[in-house]
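Novice: One structure follows; several queries about it will come next.
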Amino acid sequence: MVEVGPVLLEALPPAGREALMREAKPVEFPDGARIFREGQRADRFWVLRSGSVRLAWEVPLQAPVTVERLHRGELVGWSWLFPPHEWHFTARAEGHVTAWEFDAAAARELCDSDPEFGRSLVWQVARIVAHRLQTARMRLLHTYGPWRHAMTSEGAE
(Lines of atoms letter the chains of each structure in order from A; the text may use other names.)
(Lines give C-alpha, C1' and ligand atoms only; values in the text may rest on other atoms or scores of the structure.)
Protein backbone atom coordinates (compact mmCIF):
# COMPACT_ATOMS: atom_id res chain seq x y z
CA MET A 27 0.00 0.00 0.00
CA VAL A 28 1.29 3.45 -0.91
CA GLU A 29 0.51 6.10 1.68
CA VAL A 30 -1.19 8.69 -0.48
CA GLY A 31 -3.97 10.42 1.45
CA PRO A 32 -2.14 12.33 4.14
CA VAL A 33 1.00 12.36 2.00
CA LEU A 34 -1.01 13.64 -0.96
CA LEU A 35 -2.56 16.44 1.05
CA GLU A 36 0.57 17.26 3.06
CA ALA A 37 2.79 17.24 -0.04
CA LEU A 38 0.78 20.02 -1.65
CA PRO A 39 1.82 23.65 -1.23
CA PRO A 40 -0.08 25.10 1.76
CA ALA A 41 -2.06 27.72 -0.17
CA GLY A 42 -3.12 25.18 -2.81
CA ARG A 43 -3.96 22.56 -0.19
CA GLU A 44 -6.12 25.06 1.68
CA ALA A 45 -7.87 26.05 -1.55
CA LEU A 46 -8.49 22.39 -2.39
CA MET A 47 -9.83 21.63 1.09
CA ARG A 48 -12.27 24.54 0.78
CA GLU A 49 -13.81 22.51 -2.07
CA ALA A 50 -13.94 19.29 0.01
CA LYS A 51 -17.35 17.89 0.78
CA PRO A 52 -17.76 15.18 3.45
CA VAL A 53 -19.61 12.15 2.08
CA GLU A 54 -20.58 8.67 3.28
CA PHE A 55 -21.13 5.41 1.43
CA PRO A 56 -22.91 2.39 2.93
CA ASP A 57 -21.46 -1.10 2.68
CA GLY A 58 -21.59 -2.34 -0.92
CA ALA A 59 -22.35 1.05 -2.47
CA ARG A 60 -20.89 1.53 -5.93
CA ILE A 61 -18.87 4.74 -5.83
CA PHE A 62 -18.11 4.72 -9.55
CA ARG A 63 -18.20 2.29 -12.46
CA GLU A 64 -15.64 1.55 -15.13
CA GLY A 65 -16.38 3.53 -18.30
CA GLN A 66 -18.45 6.24 -16.62
CA ARG A 67 -17.42 9.89 -16.61
CA ALA A 68 -14.84 10.71 -13.93
CA ASP A 69 -16.02 14.04 -12.56
CA ARG A 70 -14.91 13.78 -8.92
CA PHE A 71 -12.45 12.04 -6.60
CA TRP A 72 -12.20 11.18 -2.91
CA VAL A 73 -9.71 10.89 -0.07
CA LEU A 74 -10.84 8.21 2.38
CA ARG A 75 -11.42 9.28 5.97
CA SER A 76 -12.55 5.84 7.20
CA GLY A 77 -13.46 2.46 5.80
CA SER A 78 -12.23 0.57 2.75
CA VAL A 79 -12.91 0.71 -0.98
CA ARG A 80 -12.39 -2.16 -3.41
CA LEU A 81 -11.15 -1.33 -6.92
CA ALA A 82 -12.08 -4.02 -9.44
CA TRP A 83 -12.33 -4.78 -13.13
CA GLU A 84 -15.70 -5.88 -14.40
CA VAL A 85 -14.94 -9.03 -16.41
CA PRO A 86 -17.76 -10.29 -18.66
CA LEU A 87 -19.18 -13.65 -17.55
CA GLN A 88 -16.89 -13.73 -14.50
CA ALA A 89 -16.78 -12.31 -11.03
CA PRO A 90 -15.11 -8.88 -10.82
CA VAL A 91 -11.32 -9.05 -10.46
CA THR A 92 -10.14 -7.14 -7.39
CA VAL A 93 -7.19 -4.94 -8.26
CA GLU A 94 -6.64 -3.29 -4.89
CA ARG A 95 -8.26 -2.34 -1.61
CA LEU A 96 -7.89 1.25 -0.49
CA HIS A 97 -7.99 2.41 3.12
CA ARG A 98 -7.99 5.50 5.30
CA GLY A 99 -6.04 8.39 3.81
CA GLU A 100 -5.83 6.97 0.30
CA LEU A 101 -6.92 8.61 -2.94
CA VAL A 102 -9.94 7.02 -4.62
CA GLY A 103 -9.92 7.87 -8.31
CA TRP A 104 -7.32 9.41 -10.57
CA SER A 105 -9.07 9.25 -13.96
CA TRP A 106 -10.59 12.70 -13.37
CA LEU A 107 -7.16 14.25 -14.02
CA PHE A 108 -6.42 12.73 -17.43
CA PRO A 109 -8.53 12.81 -20.61
CA PRO A 110 -10.86 11.23 -21.55
CA HIS A 111 -11.90 11.51 -17.86
CA GLU A 112 -13.47 8.03 -17.67
CA TRP A 113 -13.06 5.54 -14.84
CA HIS A 114 -10.78 2.57 -15.53
CA PHE A 115 -12.05 0.46 -12.63
CA THR A 116 -15.20 0.06 -10.57
CA ALA A 117 -15.06 1.14 -6.91
CA ARG A 118 -17.29 -0.24 -4.15
CA ALA A 119 -17.45 0.52 -0.45
CA GLU A 120 -16.49 -2.34 1.84
CA GLY A 121 -18.19 -1.54 5.09
CA HIS A 122 -19.26 1.98 5.98
CA VAL A 123 -17.02 4.56 4.25
CA THR A 124 -16.52 8.25 4.93
CA ALA A 125 -14.48 10.43 2.60
CA TRP A 126 -13.70 13.91 1.42
CA GLU A 127 -15.20 14.39 -2.04
CA PHE A 128 -13.68 16.83 -4.52
CA ASP A 129 -15.12 18.20 -7.75
CA ALA A 130 -12.73 17.33 -10.60
CA ALA A 131 -13.37 20.46 -12.68
CA ALA A 132 -12.70 22.70 -9.68
CA ALA A 133 -9.47 20.82 -8.90
CA ARG A 134 -8.30 21.09 -12.53
CA GLU A 135 -9.09 24.83 -12.51
CA LEU A 136 -7.06 25.19 -9.33
CA CYS A 137 -4.16 23.38 -11.05
CA ASP A 138 -4.39 25.79 -14.00
CA SER A 139 -4.53 28.90 -11.82
CA ASP A 140 -1.70 27.81 -9.48
CA PRO A 141 1.08 26.05 -11.46
CA GLU A 142 3.06 25.12 -8.32
CA PHE A 143 -0.01 23.42 -6.87
CA GLY A 144 -0.76 21.80 -10.24
CA ARG A 145 2.76 20.31 -10.54
CA SER A 146 2.60 18.99 -6.98
CA LEU A 147 -0.83 17.44 -7.43
CA VAL A 148 0.03 15.84 -10.78
CA TRP A 149 3.30 14.47 -9.34
CA GLN A 150 1.51 12.89 -6.38
CA VAL A 151 -1.26 11.44 -8.55
CA ALA A 152 1.37 10.08 -10.98
CA ARG A 153 2.96 8.16 -8.08
CA ILE A 154 -0.42 6.66 -7.28
CA VAL A 155 -1.11 5.75 -10.92
CA ALA A 156 2.29 4.03 -11.20
CA HIS A 157 1.61 2.03 -8.04
CA ARG A 158 -1.87 1.01 -9.19
CA LEU A 159 -0.56 0.03 -12.62
CA GLN A 160 1.99 -2.27 -11.00
CA THR A 161 -0.66 -3.69 -8.69
CA ALA A 162 -3.01 -4.29 -11.64
CA ARG A 163 -0.20 -5.94 -13.60
CA MET A 164 0.56 -8.31 -10.74
CA ARG A 165 -3.13 -9.11 -10.32
CA LEU A 166 -3.43 -9.88 -14.05
CA LEU A 167 -0.40 -12.15 -13.94
CA HIS A 168 -1.80 -13.92 -10.91
CA THR A 169 -5.26 -14.29 -12.45
CA TYR A 170 -4.42 -15.02 -16.09
CA GLY A 171 -0.68 -15.82 -16.15
CA PRO A 172 0.70 -18.75 -18.15
CA TRP A 173 1.48 -20.82 -15.05
CA ARG A 174 -2.21 -20.77 -14.15
CA HIS A 175 -3.04 -22.60 -17.38
CA ALA A 176 -0.11 -24.99 -16.90
CA MET A 177 -1.21 -25.76 -13.35
CA THR A 178 -4.81 -26.28 -14.48
CA SER A 179 -3.69 -28.56 -17.33
CA GLU A 180 -1.39 -30.58 -15.08
CA GLY A 181 -4.07 -30.94 -12.46
CA ALA A 182 -6.53 -32.27 -15.04
CA GLU A 183 -4.36 -35.22 -15.99
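27 is the number of the first residue of the sequence shown in our numbering; add one for each residue after it. Each residue gets a CB set at the ideal place from its N, CA and C atoms; glycine is no exception. From a predicted model like this one, the values you see are computed outputs, not experimental measurements.
Pull up the distance between the alpha-carbon of W83 and that of F108, whole angstroms please.
Specialist: About 19 Å.
Novice: In whole angstroms, what separates the C-alpha of S146 from that of L34?
Specialist: So the two alpha carbons sit approximately 9 Å from each other.
Novice: Buried or exposed for W149, going by 16 or more other Cβ atoms inside 10 Å?
Specialist: Per the 10 Å Cβ criterion, exposed.
Novice: Going by DSSP, what residue range makes up the alpha helix (DSSP H) through E142?
Specialist: That run of the alpha helix (DSSP H) goes P141 to Y170.
Novice: By the three-class DSSP mapping on this structure, what secondary structure does P109 have?
Specialist: P109: coil per DSSP, three-state reduction.
Novice: Please identify the residue among F55, A41 and P39 whose C-alpha is closest to the C-alpha of W126.
Specialist: Residue F55 is the option with its Cα nearest to W126.
Novice: Buried or exposed: S105, going by 16 or more other Cβ atoms within 10 Å of its Cβ?
Specialist: The residue is buried, with at least 16 neighbouring Cβ atoms inside 10 Å.
Novice: Only counting the same chain, and skipping five residues up and downstream in sequence, which positions put a Cβ closer than 8 Å to that of M164?
Specialist: Answer for M164: no residue qualifies.
Novice: Using a Cβ-Cβ cut-off of 8 Å (strictly less than) and excluding sequence neighbours within five positions of F128, which residues of its own chain qualify?
Specialist: Once the five neighbours on either side are set aside, the close Cβ partners of F128 are L46, E49, A50, K51, R70, F71, W72 and V73.
Novice: Can you find the residues in the same chain that come closer than 8 Å, C-beta to C-beta, to S78, ignoring five residues on each side of it along the sequence?
Specialist: Closer than 8 Å at the Cβ level, and outside the excluded window around S78, lie R95, L96, H97, A119, E120, G121 and V123.
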